[in-house]
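Colleague: In my numbering, the protein residues as written are 30 to 414. Even for Gly, the Cβ is constructed at its ideal location relative to N, Cα and C.
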């Protein structure tokens with residue numbers, strides 16, 4: 030498309046114009062100069078491009094090579110002692126409420142959620158705000174433990190709670206909690222282990238003291254989740270069907286004050302790997318057979334990729350890998366999904382609607398784990414839909 034520009038400033042209208050173009054593949058490519066005629070010049074604009082037009086000179090494309098992408102390392106520790114009061118710690122990203130550095134941590138400074146119901150802002154008309162929570166870490170953290178100290182500041186009522194969790198894969202754009210696993214400890218001693226909005230297991234702590242600091246630890250070992258409170262096991266849970274294999278750490282609360290301190294995220298010494306390897310469905314290592322439609326999807330789909338098939342029994346994909354476990358992640362729409370899974374030509378599992386009935390993303394379009402396999406000895410994976 031051709032655009033005509035008219036420069037009204039008499040002095041500027043006599044200067045040469047330099048054109049720079051950026052595309053998805055390459056940034057700031059010099060496209061030459063143009064001399065205006067009677068204050069007018071023309072530029073041909075190509076689609077899917079951004080143009081910079083200037084009369085100044087001396088610019089050049091940056092030559093700094095960014096460091097290669099890498100995981101946030103484990104173990105990870107945070108004591109909050111190096112920050113100024115009221116500031117936000119590195120890597121933490123608040124999704125609701127406000128988490129700030131405070132005095133009176135378990136030892137030294139700590140992290141406090143400071144937005145209470147009386148000062149909570151009005152929700153945007155198109156999207157409600159969730160209860161306060163903040164996320165941090167690496168989306169590929171898989172087998173690890175997260176621990177910290179929490180203090181409910183004497184709020185011994187059911188509506189007050191502290192949240193600690195991990196393997197968070199999504200932060201919904203609504204009032205819902207994070208998509209992951211988390212423990213909620215309420216001020217009256219009631220507790221529940223949840224996956225997204227589903228309660229997996231619950232109980233009550235006798236004589237729970239909401240005025241004291243309590244140590245919470247959650248361990249993720251493939252499909253096994255172990256929860257400890259004050260160094261005593263609170264529960265364990267196996268989540269094989271619809272389980273979440275990796276994700277971020279989360280801290281949260283209701284709209285009241287809660288303090289956290291001495292965050293520790295550690296790899297499991299007797300269990301590997303600490304990191305998962307994720308690939309999107311456009312990766313060249315995946316071989317598609319049959320009728321497939323590859324589309325540019327929404328932000329909630331991994332790397333905005335999505336592959337669809339009519340599922341007539343003649344469409345399948347193959348993936349060869351090295352490792353002892355694999356997760357299939359896909360969209361669960363209207364609870365309609367059926368597939369057969371083969372390892373080295375041998376059928377090992379069938380997926381149907383009943384398998385994912387209680388999954389973390391039932392009846393919606395956000396990506397969800399729909400099959401989890403571990404302790405695999407084979408390395409050729411095939412799924413038939």
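By Cβ distance, which residues of its chain are closer than 7 Å to residue 74, with the 5 residues on each side in sequence left out?
Modeller: Only 30, 32 and 80 meet the Cβ criterion.
Colleague: What residue does the beta strand (DSSP E) around residue 182 start on, and which one ends it?
Modeller: Run containing residue 182: none; DSSP gives neither H nor E here.
Colleague: Exposed or buried, which one is residue 153 when buried takes at least 16 other CB atoms within 10 Å?
Modeller: Answer is exposed; the Cβ neighbour count stays below 16.
Colleague: Taking 8 Å as the limit between beta carbons, can you name the residues of its chain near residue 112, skipping five residues before and five after?
Modeller: Here the set comprises 118, 130 and 138.
Colleague: State buried or exposed for residue 106, treating a residue as buried only when at least 16 other CB atoms are found within 10 Å of its CB.
Modeller: Label assigned to residue 106: exposed.
Colleague: Of the residues 204, 189, 371 and 200, which one's Cα is nearest the Cα of residue 448?
Modeller: No answer is possible for residue 448: the residues shown for the chain start at 30 and end at 414.
Colleague: Considering Cα atoms alone, identify which of 337, 307 and 352 is closest to residue 100.
Modeller: Answer by Cα proximity: 307.
Colleague: Can you name the start and end residues of the beta strand (DSSP E) that residue 322 belongs to?
Modeller: 322-325 is the extent of the beta strand (DSSP E) around residue 322.
Colleague: Alpha carbon to alpha carbon, how far is residue 310 from residue 318?
Modeller: If you take the alpha carbons of residue 310 and residue 318, they lie about 13 Å apart.
Colleague: Would you kindly work out how many angstroms separate the C-alpha atoms of residue 87 and residue 62, rounded to a whole number?
Modeller: Their Cα atoms are separated by approximately 13 Å.
Colleague: Return helix, strand or coil for residue 314, following the three-state DSSP convention.
Modeller: Coil, per DSSP.
Colleague: In the DSSP assignment, find the beta strand (DSSP E) that holds residue 264 and state where it starts and stops.
Modeller: Element bounds for residue 264: 261-267.
Colleague: Between the C-alpha atoms of residue 352 and residue 84, what's the straight-line distance to the nearest angstrom?
Modeller: Their backbone Cα atoms lie some 56 Å apart in a straight line.
Colleague: Short of 6 Å in beta carbon distance, which residues of its chain neighbour residue 197, apart from the five on each side in sequence? Order them along the chain.
Modeller: Only 164, 207, 209, 276, 277 and 279 meet the Cβ criterion.
Colleague: Just tell me which of 36, 52 and 51 has its CA closest to the CA of residue 25.
Modeller: This structure cannot speak to residue 25, because the chain is shown only from 30 to 414.
Colleague: How should residue 235 be labelled, buried or exposed, when 16 other C-beta atoms within 10 angstroms of its C-beta is the threshold for buried?
Modeller: Answer is exposed; the Cβ neighbour count stays below 16.
Colleague: Should residue 261 be labelled buried (16 or more other beta-carbon atoms within 10 Å of its own) or exposed?
Modeller: It is exposed - the Cβ of residue 261 has fewer than 16 other Cβ atoms within 10 Å.
Colleague: Can you tell me where the beta strand (DSSP E) holding residue 170 begins and where it ends?
Modeller: Element bounds for residue 170: n/a, residue is neither H nor E.
Colleague: From which residue to which residue does the beta strand (DSSP E) around residue 192 run?
Modeller: Element bounds for residue 192: 190-199.
Colleague: How many angstroms separate the CA atom of residue 357 from the CA atom of residue 335?
Modeller: Between residue 357 and residue 335, the C-alpha separation is close to 13 Å.
Colleague: In or out: residue 71 buried (at least 16 other Cβ within 10 Å) or exposed?
Modeller: By the neighbour-count rule (16 or more Cβ atoms within 10 Å), residue 71 is not buried but exposed.
Colleague: Going by DSSP, what residue range makes up the beta strand (DSSP E) through residue 33?
Modeller: Looking at the DSSP string, the run of the beta strand (DSSP E) that includes residue 33 is 31-35.
Colleague: Please classify residue 325 as buried or exposed, where buried requires at least 16 other C-beta atoms within 10 Å of its C-beta.
Modeller: So residue 325 ends up on the exposed side.
Colleague: If you count every other CB in all the chains shown that lies within 10 Å of the CB of residue 102, and 16 or more means buried, which is it?
Modeller: Classification for residue 102: exposed.
Colleague: Helix, strand or coil: how does DSSP classify residue 288 here?
Modeller: Correct three-state label for residue 288: strand.
Colleague: From residue 298 to residue 108, what does the alpha carbon distance come to, in whole angstroms?
Modeller: The straight-line gap from Cα to Cα measures roughly 22 Å.
Colleague: For residue 148, does the three-state DSSP call read helix, strand or coil?
Modeller: Residue state, collapsed to three classes: helix.
Colleague: Use the C-beta contact count for residue 328: other C-beta atoms within 10 angstroms, 16 or more gives buried, fewer gives exposed.
Modeller: Exposed: under 16 other Cβ atoms inside 10 Å.
Colleague: Which of the three DSSP states, helix, strand or coil, is assigned to residue 105?
Modeller: Here residue 105 sits in strand by DSSP.
Colleague: Suppose you measure from the CA of residue 368 to the CA of residue 374; what does that come to, to the nearest Å?
Modeller: Straight-line Cα distance between these residues: approximately 15 Å.
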